[in-house]
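Position in the sequence shown (first residue = 1) + 192 = our numbering. The beta carbon of each residue, even a glycine, is placed where N, CA and C say it ideally should be. Please read the structure below before turning to the comments.
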Amino acid sequence: MKAFNFLLSLIFVCSIVSCGTSSKQNNGEVTRQQLNKIFEDYRSFQYYSYPEYATYQGIHDYNDRLSNQSNASYDQYMDSIKSFKKTVLAIDKASLSSNDQLNYDLFLYKLTEEIMQYELEIEKYLMFTQQQGYHIYFPQITGYQPFETVNDIENYIKRLQQFKTEAGHLIEGLKEGQSKGIVLSCNITTQVLAQLEGFVNTSAEASPLYTVIEKSEVAKSNEAAIKLAIEESVQPGYQALYDYYKNEYHPNCRTEIGISSVNGGKPYYEYLVKKYTTSDLTPDEVFNIGQSEVARIETEMKKVQEELGFSNLSKLDFFTALRTNPDFYFTEKEDLLNGFRAILDTMDTKLPQLFGKLPKTPYDLKEIEEYRAVAAPAAYYYNAPEDGSRPGYFYVNTYNLSARPKFTMTALALHEAVPGHHLQIALEKEMDDVPWFRTTMGVTAFIEGWGLYAEYLGYETDMYKDPLQKLGALTFEMWRACRLVVDAGMHYKGWTREEAINYLKENLPITEPDIISEIDRYIAMRGQALAYKIGELKLKALRANAEKQLGDKFDVKSFHDAILENGSLPLSILESNIDEWIKNNQ
Numbered sequence: 193m194k195a196f197n198f199l200l201s202l203i204f205v206c207s208i209v210s211c212g213t214s215s216k217q218n219n220g221e222v223t224r225q226q227l228n229k230i231f232e233d234y235r236s237f238q239y240y241s242y243p244e245y246a247t248y249q250g251i252h253d254y255n256d257r258l259s260n261q262s263n264a265s266y267d268q269y270m271d272s273i274k275s276f277k278k279t280v281l282a283i284d285k286a287s288l289s290s291n292d293q294l295n296y297d298l299f300l301y302k303l304t305e306e307i308m309q310y311e312l313e314i315e316k317y318l319m320f321t322q323q324q325g326y327h328i329y330f331p332q333i334t335g336y337q338p339f340e341t342v343n344d345i346e347n348y349i350k351r352l353q354q355f356k357t358e359a360g361h362l363i364e365g366l367k368e369g370q371s372k373g374i375v376l377s378c379n380i381t382t383q384v385l386a387q388l389e390g391f392v393n394t395s396a397e398a399s400p401l402y403t404v405i406e407k408s409e410v411a412k413s414n415e416a417a418i419k420l421a422i423e424e425s426v427q428p429g430y431q432a433l434y435d436y437y438k439n440e441y442h443p444n445c446r447t448e449i450g451i452s453s454v455n456g457g458k459p460y461y462e463y464l465v466k467k468y469t470t471s472d473l474t475p476d477e478v479f480n481i482g483q484s485e486v487a488r489i490e491t492e493m494k495k496v497q498e499e500l501g502f503s504n505l506s507k508l509d510f511f512t513a514l515r516t517n518p519d520f521y522f523t524e525k526e527d528l529l530n531g532f533r534a535i536l537d538t539m540d541t542k543l544p545q546l547f548g549k550l551p552k553t554p555y556d557l558k559e560i561e562e563y564r565a566v567a568a569p570a571a572y573y574y575n576a577p578e579d580g581s582r583p584g585y586f587y588v589n590t591y592n593l594s595a596r597p598k599f600t601m602t603a604l605a606l607h608e609a610v611p612g613h614h615l616q617i618a619l620e621k622e623m624d625d626v627p628w629f630r631t632t633m634g635v636t637a638f639i640e641g642w643g644l645y646a647e648y649l650g651y652e653t654d655m656y657k658d659p660l661q662k663l664g665a666l667t668f669e670m671w672r673a674c675r676l677v678v679d680a681g682m683h684y685k686g687w688t689r690e691e692a693i694n695y696l697k698e699n700l701p702i703t704e705p706d707i708i709s710e711i712d713r714y715i716a717m718r719g720q721a722l723a724y725k726i727g728e729l730k731l732k733a734l735r736a737n738a739e740k741q742l743g744d745k746f747d748v749k750s751f752h753d754a755i756l757e758n759g760s761l762p763l764s765i766l767e768s769n770i771d772e773w774i775k776n777n778q
């Protein structure tokens, strides 16, 4: 995370104050140009600050660099973010068009949220987990860095050579957190330690960073140099991280799991609830909504249990039958992958029933890499880059097939690929005439709310004809309702890890390894799990209101296009947009 200070004199001043343009001018077009200049400067700033991200997006100006992982660099970065906000506030918003005012509001929202999180301070010390962290992200550069030319290989080697330095920066940051009493919980550090151990107990040839020699002839011809960079920088970097983590950090981990156990943790969690739900909900309100939804969905699951012929079993015995019946699980990973392909092929044919506009960007299925599969979820989505050089990826976890039930596959595919994340995010990235940041907003309540709403659309497209698949859809909806309860329970109400695990066992027919993995995810990514159900409930409420207001004039394709046309938005802004859409269609 490196901010480049020369921008403070060239960009932040030049955009508004000097370079021949006065901030006091009220001409709308001039003001629009000023605003767009800030947006472009911000884009350049992000690519410079996060060169790996630039490479991922197909921007190759910084392919030889790594982002600076020190907390000092993060402080500098946030100084620049604050300067961006100050510069935006100098813009005459009233002279802008309605579309540009939306861009202004969303950009200010994005900057303000980032500054609020920074000023609450806690997050930057807790980002090195089994779910996220540079030790996981770094090896992933092999999936998007080019390896076709000699210069490509030289850039890659330079990146490998910098890893040892960045590992040192990570250690410095963790030590700073320790000095302030802000450390990760022990169940998280145990898993991180196991991940690091996997890297240090691996030869250079077995490293995921070594596999690039298979990507091109020029990479193969530089095999010795790549191996040397791994041996001299990557392996010592991981070794240093492992030694520090094992000897200093892990022995001093936090025994409590909830963020409220950290000094300032309760108000921080209250902020996280507002951040991830883009609402004014309190932790207690979220908790209560979760309990209400759990009760409602339980009634629906009971109906399907009877439909499947298990009415003679108690709920827990029914769940045990689902968890232990080998017929509900694949034994070969290729069968699992092919099963997902078949589901998506069917859903692809049904999309025109629901949407007037579909994305041009293709998507593909990928297996989650072995080195991160153990702690990874059942599946997730990686969007395509700006340059369109590769499709979006629906990543599937093939580790421990006995924890991957067949009956949840349809809902999972609809959530992560189409009509879920791929469809929504690809359309967002294909928006015309919007600033770059709008295609990367990443409002979790919208994105994950849409993903869960996409599962619901399976009912309208006959994707849950099989009662088992319907059970899977209800299982996933129950899962997201339970998240409201256990996330707030652990981080705000003092629940133990065991209490949270048992709550999921009592309400979900998924396997224990999946339940434990999910609970540990919520511990590590506090607050994020709240976005799904809250976002979905808002989308359903907006649709119900539109259907009521428009009656026979309601068109589901037009409604979905209106939801998606502006990309991911805070839910309050989305509601205003849909209210306006209803007025225009009455």
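State the start and end residues of the unbroken alpha helix (DSSP H) segment that holds Leu433.
Taking the first residue of the sequence shown as position 1, residue 433 is located at position 241. Gln427 to Tyr436 is the span of the alpha helix (DSSP H), which, as asked, contains Leu433.
Proximity below 8 Å, CB of Tyr461 to CB of Arg718
As a first step, residue 461 is located in the sequence shown; it is residue number 269 there, counting from the start. As a first step, residue 718 is located in the sequence shown; it is residue number 526 there, counting from the start. Yes; because the gap between Cβ atoms is below 8 Å, this pair is in contact.
Unbroken alpha helix (DSSP H) runs of length 4 or more, entirely within the segment 613 to 684: which are they?
613 to 621, 636 to 652 and 659 to 684
DSSP state of Arg735, grouped into three classes?
Sequence index remark: in the sequence shown, residue 735 carries index 543 (1-based). Helix at Arg735.
Within a Cβ cutoff of 6 Å, which residues of the same chain sit near Asn295, ignoring the five residues on either side of it in sequence?
Here residue 295 refers to the residue found at position 103 when the sequence shown is read from its first residue. Once the five neighbours on either side are set aside, the close Cβ partners of Asn295 are Pro627.
What are the partner residues of Tyr724, as DSSP defines its beta bridges?
Translated into the one-based positions of the sequence shown, residue 724 becomes position 532. For Tyr724, which the question treats as bridged, DSSP gives no partner whatsoever.
Residues that Phe586 bridges to, as DSSP identifies them:
Against the sequence shown, residue 586 aligns to sequence position 394. Bridge partners of Phe586: Leu557 and Tyr573.
What did DSSP end up calling Gln762 once you bin it into helix, strand or coil?
The residue given as residue 762 occupies position 570 in the sequence shown. With the sequence shown as reference, residue 762 is identified as Pro, and Gln is not the correct amino acid for it. In the structure shown, Pro762 sits in coil (DSSP, three-state: anything other than H, G, I, E or B).
Looking at Ser289 and Gly360, is the spacing between their C-beta atoms short of 8 Å?
Taking the first residue of the sequence shown as 1, we reach residue 360 at position 168. Taking the first residue of the sequence shown as 1, we reach residue 289 at position 97. Taking 8 Å as the Cβ cut-off, Gly360 and Ser289 do not qualify as a contacting pair.
Pair within 8 Å by beta-carbon distance, Pro762 and Thr470:
In the sequence shown, counting from the first residue as 1, residue 762 sits at position 570. In the sequence shown, counting from the first residue as 1, residue 470 sits at position 278. It is a contact, given that the beta carbons lie within the stated cut-off.
Kindly confirm or deny that the segment 397 to 408 and the segment 432 to 442 touch, where touching means at least three C-beta pairs closer than 8 Å.
no
Please confirm whether Arg713 and Gln323 have their CB atoms less than 8 Å apart.
Taking the first residue of the sequence shown as position 1, residue 713 is located at position 521. Taking the first residue of the sequence shown as position 1, residue 323 is located at position 131. A contact, by the Cβ cut-off of 8 Å.
Whose C-alpha, out of Ile774, Phe668 and Gly450, is nearest the C-alpha of Glu608?
Taking the sequence shown and counting its residues from 1, the one referred to as residue 608 is at position 416. Closest by alpha carbon: Phe668.
Measure from the alpha carbon of Tyr463 to the alpha carbon of each residue in Lys725, Glu728, Glu315 and Leu514, then state which is nearest.
Translated into positions along the sequence shown, residue 463 becomes position 271. Out of Lys725, Glu728, Glu315 and Leu514, Glu315 has the C-alpha closest to the C-alpha of Tyr463.
Helix, strand or coil at Arg446 according to DSSP, with G and I counted as helix:
The sequence position of residue 446 within the sequence shown is 254, counting from 1. Arg446: strand per DSSP, three-state reduction.
Can you round the beta-carbon distance between Ile711 and Ile693 to whole angstroms, since I take them to be within the 8 Å contact cut?
Here residue 711 refers to the residue found at position 519 of the sequence shown. Here residue 693 refers to the residue found at position 501 of the sequence shown. Their Cβ separation, rounded to whole angstroms, is 5 Å, which keeps Ile711 and Ile693 in contact under 8 Å.
According to the neighbour-count rule (16 or more other Cβ atoms, all chains shown, within 10 Å of its Cβ), is Asn575 buried or exposed?
Position 383 of the sequence shown holds residue 575. That one is buried.
Could you tell me the alpha carbon to alpha carbon distance between Leu606 and Arg564, rounded to whole angstroms?
Taking the sequence shown and counting its residues from 1, one reaches residue 606 at position 414. Taking the sequence shown and counting its residues from 1, one reaches residue 564 at position 372. About 23 Å.
By a C-beta neighbour count over all protein chains shown, 10 Å radius and 16 as the cutoff for buried, is Pro611 buried or exposed?
Counting from 1 along the sequence shown, the entry for residue 611 is found at position 419. Buried, by the Cβ-count rule.
To which residues of the same chain is Ile639 closer than 6 Å at the C-beta, ignoring the five residues directly before and after it?
For the purposes of this step, residue 639 is taken as the residue at position 447 of the sequence shown. These residues qualify, in order along the chain: Ser760.
Between Asn228 and the rest of its own chain, which residues show a CB-CB distance below 8 Å, the 5 nearest in sequence each way excluded?
The sequence position of residue 228 within the sequence shown is 36, counting from 1. Correct list, in chain order: Pro627.
Which partner residues does Ser377 have in the DSSP bridge list?
By one-based count along the sequence shown, residue 377 stands at place 185. Ser377 is bridged to Arg446.
Find the nearest neighbour of Leu528 within the set Phe330, Leu604 and Asp771, judged by alpha-carbon distance.
Against the sequence shown, residue 528 aligns to sequence position 336. Here the closest residue by C-alpha is Leu604.
According to DSSP, simplified to helix, strand and coil, what is Tyr242?
As a working note, residue 242 is residue 50 in the sequence shown. Three-state DSSP puts Tyr242 in coil, outside helix and strand.
Excluding sequence positions up to five away, which residues of its chain have a Cβ less than 8 Å from the Cβ of Thr447?
In the sequence shown, counting from the first residue as 1, residue 447 sits at position 255. Closer than 8 Å at Cβ, skipping near neighbours: Ser377 and Cys378.
For the segment 441 to 514, which segments carrying the alpha helix (DSSP H) assignment without a break, of at least 4 residues, lie completely within its bounds, in sequence order?
457 to 469 and 475 to 499
For Pro597, list the residues DSSP reports as bridge partners.
As a first step, residue 597 must be located in the sequence shown, where it is residue number 405. Answer is Tyr521, bridged to Pro597.
Among residues of its own chain, excluding the 5 on either side of Glu767, which ones have a beta-carbon nearer than 8 Å to its beta-carbon?
What you label residue 767 is simply residue 575 of the sequence shown in a count that begins at 1. Closer than 8 Å at Cβ, skipping near neighbours: Lys730 and Leu734.
With three or more beta-carbon pairs closer than 8 Å as the criterion, would you say the segment 298 to 305 touches the segment 271 to 290?
yes
Same chain, Cβ closer than 8 Å to Leu385, neighbours up to 5 away in sequence not counted
Mapped onto the sequence shown, residue 385 falls at position 193. Tyr434, Tyr437, Lys438 and His442.
Going straight from the alpha carbon of Lys549 to that of Asp624, what length do you get?
Along the sequence shown, read from residue 1 onward, the residue named residue 549 stands at position 357. Along the sequence shown, read from residue 1 onward, the residue named residue 624 stands at position 432. Roughly 13 Å between the two C-alpha positions.
What's the C-alpha gap between Tyr651 and Ala282?
On the sequence shown, residue 651 is found 459 positions in, with the first residue counted as 1. On the sequence shown, residue 282 is found 90 positions in, with the first residue counted as 1. Their Cα atoms are separated by approximately 49 Å.
Please return the same chain residues whose Cβ sits closer than 6 Å to the Cβ of Gln354, not counting the five positions on each side in sequence.
Translated into the one-based positions of the sequence shown, residue 354 becomes position 162. Once the five neighbours on either side are set aside, the close Cβ partners of Gln354 are Leu258.
Would the beta-carbon of Gln545 fall within 8 Å of that of Thr403?
One-based indexing of the sequence shown puts residue 545 at position 353. One-based indexing of the sequence shown puts residue 403 at position 211. Not a contact, by the Cβ cut-off of 8 Å.
Integer Cβ distance of Leu722 from Asp679, believed to fall under 8 Å:
Residue numbering aside, residue 722 sits at position 530 when the sequence shown is read from its first letter. Residue numbering aside, residue 679 sits at position 487 when the sequence shown is read from its first letter. At roughly 6 Å, the Cβ-Cβ gap stays under 8 Å, so Leu722 and Asp679 are in contact.
Exposed unless 16 or more other CB atoms sit within 10 angstroms - verdict on Thr516:
Stepping through the sequence shown from its first residue, residue 516 is reached at position 324. Answer is exposed; the Cβ neighbour count stays below 16.
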